[in-house]
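In what follows, a structure is listed as structure tokens, so that the remarks can point back to it.
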Amino acid sequence: MFGSAVPAGKLTLSPPPPPPGCQEIRISGAWIQFAKLTVAAGEMTPFPYIKGVTGCIAMIVEIVELVGKNNEDLQDLAESIGMTIRIIRETVEAHGDTSVTRFHDVCVELQKYLESLIAELNITRCKLKSKKRFLTTKKVSGVIDGYKQRVNDIKADYLVLVTTNSRLAMSEMQDALSATITQAMETAICSLSEIQRAHAAQMCEKFQDLKGYYKRQVRELFPGDIYIGKLVSPSRHDSALEYQDRYCTVECSSTAKIIRVYQHPTDTNEEAILKQFNEVANALINIKHPNIAQIFGICRSPNFPAIIFHGSTQIPFNDYECNLTAKQIIPFYIQLYYDLKSLSEYLSRHVPHNSHSMADEHDVYLNEHGQIVMTVAATYVIGVFITHIHEAPIRYWFDWQSPIEESLPSQINRWSSSLTLQKDSLCNAYDAIKCITEIPAPQTLGPQDTPYAPGSVLTSHGGTLVGKVPIMLDEWVVKWIGENGGTTTTLFSSTSNGIIMVPLPYASTQFYSADICLHSFDGMLDSWIAQASQLQSCICSRGHIDNDRLSLIVYTEFCLHVSPERDCDPFHLCNTFMAEDHHMLSVSITTPSIDYLTNKVSQPVFTWYDTDSEISPVEVEQVFGVKLDVSEYLGILPMSKILLTTISELNADYGFDPACGGTDICKYFGWPLMEILNDSTGDWIPLHGTVSESASVMSDGRYQTLSEVTISPLENAPEGEHAGKASTTTGIATAAQTIDQKLKHGSQAFIIMFIVISAILLSFVVQTYM
Numbered sequence: 006m007f008g009s010a011v012p013a014g015k016l017t018l019s020p021p022p023p024p025p026g027c028q029e030i031r032i033s034g035a036w037i038q039f040a041k042l043t044v045a046a047g048e049m050t051p052f053p054y055i056k057g058v059t060g061c062i063a064m065i066v067e068i069v070e071l072v073g074k075n076n077e078d079l080q081d082l083a084e085s086i087g088m089t090i091r092i093i094r095e096t097v098e099a100h101g102d103t104s105v106t107r108f109h110d111v112c113v114e115l116q117k118y119l120e121s122l123i124a125e126l127n128i129t130r131c132k133l134k135s136k137k138r139f140l141t142t143k144k145v146s147g148v149i150d151g152y153k154q155r156v157n158d159i160k161a162d163y164l165v166l167v168t169t170n171s172r173l174a175m176s177e178m179q180d181a182l183s184a185t186i187t188q189a190m191e192t193a194i195c196s197l198s199e200i201q202r203a204h205a206a207q208m209c210e211k212f213q214d215l216k217g218y219y220k221r222q223v224r225e226l227f228p229g230d231i232y233i234g235k236l237v238s239p240s241r242h243d244s245a246l247e248y249q250d251r252y253c254t255v256e257c258s259s260t261a262k263i264i265r266v267y268q269h270p271t272d273t274n275e276e277a278i279l280k281q282f283n284e285v286a287n288a289l290i291n292i293k294h295p296n297i298a299q300i301f302g303i304c305r306s307p308n309f310p311a312i313i314f315h316g317s318t319q320i321p322f323n324d325y326e327c328n329l330t331a332k333q334i335i336p337f338y339i340q341l342y343y344d345l346k347s348l349s350e351y352l353s354r355h356v357p358h359n360s361h362s363m364a365d366e367h368d369v370y371l372n373e374h375g376q377i378v379m380t381v382a383a384t385y386v387i388g389v390f391i392t393h394i395h396e397a398p399i400r401y402w403f404d405w406q407s408p409i410e411e412s413l414p415s416q417i418n419r420w421s422s423s424l425t426l427q428k429d430s431l432c433n434a435y436d437a438i439k440c441i442t443e444i445p446a447p448q449t450l451g452p453q454d455t456p457y458a459p460g461s462v463l464t465s466h467g468g469t470l471v472g473k474v475p476i477m478l479d480e481w482v483v484k485w486i487g488e489n490g491g492t493t494t495t496l497f498s499s500t501s502n503g504i505i506m507v508p509l510p511y512a513s514t515q516f517y518s519a520d521i522c523l524h525s526f527d528g529m530l531d532s533w534i535a536q537a538s539q540l541q542s543c544i545c546s547r548g549h550i551d552n553d554r555l556s557l558i559v560y561t562e563f564c565l566h567v568s569p570e571r572d573c574d575p576f577h578l579c580n581t582f583m584a585e586d587h588h589m590l591s592v593s594i595t596t597p598s599i600d601y602l603t604n605k606v607s608q609p610v611f612t613w614y615d616t617d618s619e620i621s622p623v624e625v626e627q628v629f630g631v632k633l634d635v636s637e638y639l640g641i642l643p644m645s646k647i648l649l650t651t652i653s654e655l656n657a658d659y660g661f662d663p664a665c666g667g668t669d670i671c672k673y674f675g676w677p678l679m680e681i682l683n684d685s686t687g688d689w690i691p692l693h694g695t696v697s698e699s700a701s702v703m704s705d706g707r708y709q710t711l712s713e714v715t716i717s718p719l720e721n722a723p724e725g726e727h728a729g730k731a732s733t734t735t736g737i738a739t740a741a742q743t744i745d746q747k748l749k750h751g752s753q754a755f756i757i758m759f760i761v762i763s764a765i766l767l768s769f770v771v772q773t774y775m
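Residue numbers (the working numbering): 6 to 775.
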């Protein structure tokens with residue numbers, strides 16, 4: 006009987022409001038029009054049954070209009086009848102099929118009542134006055150108002166039911182909706198980084214399509230438009246062009262700028278110089294990358310060729326890096342890596358492959374926004390990274406930073422994970438600091454100098470030994486570089502008596518070298534970083550220079566060089582003999598020894614043999630025509646004072662107590678505690694706390710007792726190996742004296758006991774015989 010709901014917005018009929026002054030006359034006419042339109046709409050769904058009742062309403066309202074002009078009661082009756090059917094229609098249009106059945110009964114009853122009312126008016130009421138009097142009775146208006154109230158109640162009940170059902174449906178859908186939203190959010194979060202990277206790449210490509218500075222054009226300037234300021238950096242060279250960077254102001258801009266003023270010798274070809282300047286300028290104009298200096302304007306005057314860059318500040322990279330705190334340096338280098346990665350990928354695609362320039366340190370700076378900026382397209386060494394102009398991957402510019410097999414991107418991800426500030430993540434933060442500090446600077450020692458062992462802490466002024474990381478050294482590395490560049494590497498434990506025998510064929514015509522290196526990275530650098538701030542404070546309180554820069558020795562190296570004394574003579578006697586026997590000359594290398602009281606290292610022992618006979622170094626040089634030379638080097642790792650003194654702030658962020666000075670960190674991770682040298686007694690005392698008993702033995706048994714007198718690993722060395730014997734003899738003599746004293750005391754006790762026992766036995770014998 007009932008069809009589907011009429012679409013919202015269609016067949017929505019309401020009587021138009023009457024104009025002012027005609028309300029009583031026009032109101033019934035409006036309801037007649039509304040009723041007739043509803044009759045026409047009654048042929049359509051969802052309320053075909055309404056046709057009959059609306060027809061009756063139209064007839065009643067027409068009668069009212071006929072007999073009820075200027076009668077307020079009849080106008081109210083017409084309006085009440087019209088509002089009844091209007092409420093039904095609007096409710097059905099708004100809520101569709103679900104509300105249709107609720108109005109069916111009241112519509113049928115109203116239609117029957119109106120039909121009976123019309124019949125009575127047509128049959129019994131012939132005069133207009135009689136009809137008017139009948140329609141204005143309380144009985145008729147009361148019935149109509151009753152139907153209107155029933156319709157209103159049905160509508161209200163239905164709306165309450167709809168609201169209740171909606172809430173129930175919403176509560177049932179809540180779990181499913183929450184699950185759907187959660188899944189959608191997880192998917193969005195997972196893909197957010199990819200979307201951001203893609204968006205950043207698109208934006209970068211759009212920026213790269215623009216000319217010069219991203220939002221402006223490169224200006225052609227004249228010398229009179231530029232006012233030169235003070236010098237920013239010293240003079241440098243770009244091929245044949247010499248230039249200076251200065252501060253400047255330009256008439257067309259209110260902010261300060263950086264100007265690069267090019268100069269050339271007076272005897273050079275001016276046209277050629279200008280051509281080269283234009284090539285440099287055009288190359289910079291065509292490079293559009295956030296980390297390449299953007300050009301504000303160019304002055305192409307032959308007397309004043311210059312390039313004016315955007316930006317008012319140039320902070321040299323090295324100065325900026327040295328002033329970074331421990332909390333700042335890791336995020337800075339992570340950002341530096343991604344900036345260089347982006348720049349390297351860009352340069353590898355857009356710079357011609359015939360360009361192979363190497364940038365100067367002054368070509369890298371940080372602008373007023375803290376962003377790294379390069380002024381030329383070249384190969385850069387920035388901090389610990391190197392970016393090649395035609396190679397996209399970023400890498401360390403030396404191998405010391407990455408002793409383990411781990412890719413640089415993986416290390417950067419590990420550094421980023423340290424920013425979570427969990428206690429166990431402090432190791433990753435320390436790894437980052439170890440990798441981004443400077444490369445150990447090799448220091449050559451004099452012939453009379455005895456090198457310190459790795460783990461020693463020296464001051465920058467005078468190289469005074471102030472402390473050490475008491476760690477047992479891991480191993481000696483002996484690398485022999487022989488004929489035709491062949492290399493042989495041998496590893497010895499630091500506690501073993503390592504000896505390597507190496508033949509030297511063609512010694513008078515070939516170069517040979519041996520590198521003997523002692524190093525250890527197992528916990529030494531971590532302990533140094535954790536406790537260096539405390540050591541810095543300690544040496545200042547002991548009267549050392551306040552601005553001393555502490556340095557850690559990370560390796561000790563000895564180099565033996567065997568080189569021909571003169572040019573090769575094919576008729577030399579030695580060459581003749583060596584042609585018959587390539588192994589006539591050989592050398593035995595014995596690993597050095599360490600004195601843990603002074604923390605110094607003795608030289609390795611080199612023993613020379615002619616076939617099977619031992620010969621002296623002088624005889625080697627005379628007989629074989631070679632020159633022997635031994636050099637000593639220290640790998641010193643300096644670290645900025647600001648970085649060392651702010652380590653405690655970094656440790657506090659990871660949940661450690663700054664008042665402990667790093668001891669709680671070393672105990673947490675099992676690293677050794679540093680010791681400091683007592684200037685008055687020469688003993689080693691703990692950096693934290695009182696003097697340790699006998700300089701304390703390491704708890705895990707891996708480290709040597711630091712108070713014991715050194716016993717050289719050369720005890721079983723062959724005769725002729727004299728280096729280190731003095732310390733060995735001293736140690737053995739001291740130990741022998743201790744043993745003699747113990748034996749002496751033991752002998753005295755034994756003699757006293759023997760006398761007492763003899764006296765007792767003698768008295769017993771005398772008593773027996775008496």
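Quick reminder that beta carbons are idealized off the backbone N, C-alpha and C, glycines included. None of these values were measured; they are calculated from a predicted model.
Query raised in the report: Hey, how far is the Cα of Ile-303 from the Cα of Tyr-342?
Result: Counted from its first residue, the sequence shown places residue 303 at position 298. Counted from its first residue, the sequence shown places residue 342 at position 337. Going from the Cα of Ile-303 to the Cα of Tyr-342 covers about 31 Å.
Requested in this report: Note down, in chain order, each residue of its chain lying with its Cβ closer than 8 Å to the Cβ of Lys-332, except the 5 sequence neighbours on either side.
Outcome: Numbered from 1 along the sequence shown, position 327 holds the residue referred to as residue 332. Cβ neighbours of Lys-332 beyond the five flanking positions: Thr-651, Glu-654, Leu-655 and Asp-658.
Requested in this report: May I ask you to report which of helix, strand or coil DSSP gives His-566?
Outcome: Here residue 566 refers to the residue found at position 561 when the sequence shown is read from its first residue. Here His-566 sits in strand by DSSP.
Query raised in the report: Which residue comes first and which comes last in the beta strand (DSSP E) that contains Cys-304?
Result: Taking the first residue of the sequence shown as 1, we reach residue 304 at position 299. Element bounds for Cys-304: 300-306.
Query raised in the report: Taking the C-alpha atoms as reference points, what is the distance between Ala-731 and Pro-569?
Result: Position 726 of the sequence shown, counted from the start, is the residue given in the question as residue 731. Position 564 of the sequence shown, counted from the start, is the residue given in the question as residue 569. Bear in mind that the predicted position of Ala-731 carries a pLDDT of just 35, short of 50, making it unreliable; the figure below should be weighed with that in mind. Rounded to whole angstroms, Ala-731 to Pro-569 spans 33 Å at the Cα level.
Query raised in the report: Between which two residues does the alpha helix (DSSP H) carrying Thr-650 extend?
Result: Counting from 1 along the sequence shown, the entry for residue 650 is found at position 645. Taken as a continuous stretch (DSSP letters only), the alpha helix (DSSP H) holding Thr-650 covers 646-650.
Query - Under the three-state DSSP convention, the category Lys-144 falls into - result: Taking the first residue of the sequence shown as 1, we reach residue 144 at position 139. Residue state, collapsed to three classes: helix.
Query raised in the report: Is DSSP giving Glu-29 helix, strand or coil here?
Result: Along the sequence shown, one-based indexing puts residue 29 at 24. For Glu-29, the predicted model reports a pLDDT of 41, less than 50, meaning its position is unreliable; a value from the coordinates is still stated below. Residue state, collapsed to three classes: helix.
Requested in this report: Please name the residue or residues paired with Gln-427 in a DSSP beta bridge.
Outcome: Start at 1 with the first residue of the sequence shown, and residue 427 comes out as number 422. Gln-427 is not bridged to any residue.
Query raised in the report: Would you report the Cα separation of Ile-233 and Glu-411, rounded to the nearest angstrom?
Result: The residue given as residue 233 occupies position 228 in the sequence shown. The residue given as residue 411 occupies position 406 in the sequence shown. One C-alpha to the other measures close to 49 Å.
Report task. Provide the residue(s) that pair with Lys-632 in DSSP beta bridges, ordered along the chain. Result -> Counted from its first residue, the sequence shown places residue 632 at position 627. Paired residues: Ser-568.
Requested in this report: Just tell me which of Val-381, Lys-262, Leu-345 and Gln-376 has its CA closest to the CA of Val-389.
Outcome: Here residue 389 refers to the residue found at position 384 of the sequence shown. If we check each option's Cα against that of Val-389, Leu-345 comes out closest.
Requested in this report: Please report the Cβ distance between Pro-677 and Val-559, rounded to the nearest whole angstrom; I am assuming they are in contact, meaning their Cβ atoms lie under 8 Å.
Outcome: Your numbering for residue 677 matches position 672 in the sequence shown. Your numbering for residue 559 matches position 554 in the sequence shown. Not quite, the Cβ-Cβ distance comes to about 15 Å (not below 8 Å), so this is no contact.
Query raised in the report: Can you name, in chain order, every residue of its own chain whose Cβ lies under 6 Å from the Cβ of Val-625, other than the five neighbours on each side?
Result: Looking up residue 625 in the sequence shown gives position 620. So the list reads Trp-613, once near-sequence residues are dropped.
Query raised in the report: Would Glu-680 count as contacting chain C if we go by Cβ distances under 8 Å?
Result: No chain C is present in this structure, which holds just one protein chain.
Query raised in the report: Bridge partners of Trp-689, per DSSP?
Result: For this step, residue 689 is matched to residue 684 along the sequence shown. Looking at the DSSP assignment, Trp-689 forms a beta bridge with Leu-682.
Query - Option nearest Gln-340 by Cα separation, candidates Ala-193, Ile-441 and Pro-456 - result: In the sequence shown, the residue the question calls residue 340 occupies position 335. Per the Cα distances, Ile-441.
Query raised in the report: Helix, strand or coil: how does DSSP classify Met-506 here?
Result: Here the question's residue 506 lines up with position 501 in the sequence shown. Strand at Met-506.
Query raised in the report: Can we say the stretch 418-435 touches the stretch 657-676, given the rule of at least three CB pairs closer than 8 Å?
Result: yes
Query raised in the report: Which residue comes first and which comes last in the alpha helix (DSSP H) that contains Ile-278?
Result: Sequence index remark: in the sequence shown, residue 278 carries index 273 (1-based). First-last of the alpha helix (DSSP H) with Ile-278: 275-291.
Query raised in the report: Count the other CB atoms within 10 Å of the CB of Cys-253; is the residue buried (16 or more) or exposed (fewer)?
Result: Numbered from 1 along the sequence shown, position 248 holds the residue referred to as residue 253. Looking at its Cβ environment, which holds 16 or more other Cβ atoms inside 10 Å, Cys-253 is buried.
Requested in this report: Using only alpha-carbon positions, find the residue among Ala-203, Ala-537, Leu-413 and Ser-532 that is nearest to Ile-476.
Outcome: Taking the first residue of the sequence shown as 1, we reach residue 476 at position 471. Selected option, being the one with the closest Cα: Ser-532.
Query raised in the report: Just the Cα atoms here: how many angstroms apart are Thr-695 and Met-529?
Result: Position 690 of the sequence shown, counted from the start, is the residue given in the question as residue 695. Position 524 of the sequence shown, counted from the start, is the residue given in the question as residue 529. Below a pLDDT of 50, predicted positions are generally treated as unreliable, and Thr-695, at 38, falls in that range; no measurement from the model is reported.
Query raised in the report: Hey, is the stretch 277-297 in contact with the stretch 308-322, meaning 3+ C-beta pairs nearer than 8 Å?
Result: yes
**Report entry** Pro-22 versus Gln-80 - alpha carbon distance
**Finding:** As a position in the sequence shown, residue 22 is number 17, starting the count at 1. As a position in the sequence shown, residue 80 is number 75, starting the count at 1. Confidence is the limiting factor: at Pro-22 the pLDDT is only 49, short of 50, which leaves the residue's position unreliable and the question unanswerable from this model.
**Report entry** Own chain residues within Cβ distance below 6 Å of Thr-318, not counting five before or after
**Finding:** If you number the sequence shown from 1, residue 318 lands on position 313. Counting only Cβ-Cβ distances below 6 Å, and skipping sequence neighbours, we find Asn-372 and Glu-373.
Query raised in the report: Taking the beta strand (DSSP E) that Arg-224 falls in, what are its first and last residues?
Result: Taking the first residue of the sequence shown as 1, we reach residue 224 at position 219. Unbroken beta strand (DSSP E) run through Arg-224: 224-226.
Requested in this report: Check the DSSP bridge columns for Arg-251 and list the partner residues they point to.
Outcome: Position 246 of the sequence shown holds residue 251. For Arg-251, which the question treats as bridged, DSSP gives the partners Leu-236 and Ile-264.
Requested in this report: May I ask which residues mark the beginning and end of the alpha helix (DSSP H) holding Trp-613?
Outcome: Stepping through the sequence shown from its first residue, residue 613 is reached at position 608. Segment 610-615 is the beta strand (DSSP E) holding Trp-613; no alpha helix (DSSP H) there.
**Report entry** Terminal residues of the beta strand (DSSP E) in which Val-369 lies
**Finding:** Here residue 369 corresponds to residue number 364 of the sequence shown, with the count starting at 1. Per DSSP, Val-369 belongs to the beta strand (DSSP E) from 369-371.
Query raised in the report: What are the uninterrupted segments assigned as alpha helix (DSSP H) that are 4 or more residues long and contained completely in the stretch 151-190, given in chain order?
Result: none
Query raised in the report: Considering only C-alpha positions, which residue in the set Ala-99, Thr-96, Val-167 and Tyr-152 is nearest to Gln-116?
Result: Looking up residue 116 in the sequence shown gives position 111. With distances taken between Cα atoms, Gln-116 lies closest to Tyr-152.
Query raised in the report: Are the beta-carbon atoms of Thr-449 and Ser-636 separated by less than 8 Å?
Result: Walking along the sequence shown from the start, residue 449 turns up at place 444. Walking along the sequence shown from the start, residue 636 turns up at place 631. Yes, the Cβ-Cβ distance between Thr-449 and Ser-636 is below 8 Å.
Query raised in the report: Would a C-beta distance cut-off of 8 Å place Gly-666 and Gln-539 closer than the cut-off?
Result: One-based indexing of the sequence shown puts residue 666 at position 661. One-based indexing of the sequence shown puts residue 539 at position 534. Yes. Within cutoff.
Query - Identified DSSP bridge partners for Arg-400 - result: Position 395 of the sequence shown holds residue 400. DSSP, once it has assigned bridges, lists Ile-391 as partnering Arg-400.
Requested in this report: Figure out for me which residue from Cys-671, Leu-126 and Asn-683 has the closest Cα to the Cα of Cys-543.
Outcome: Position 538 of the sequence shown holds residue 543. Measuring from the Cα of Cys-543, the nearest candidate turns out to be Asn-683.
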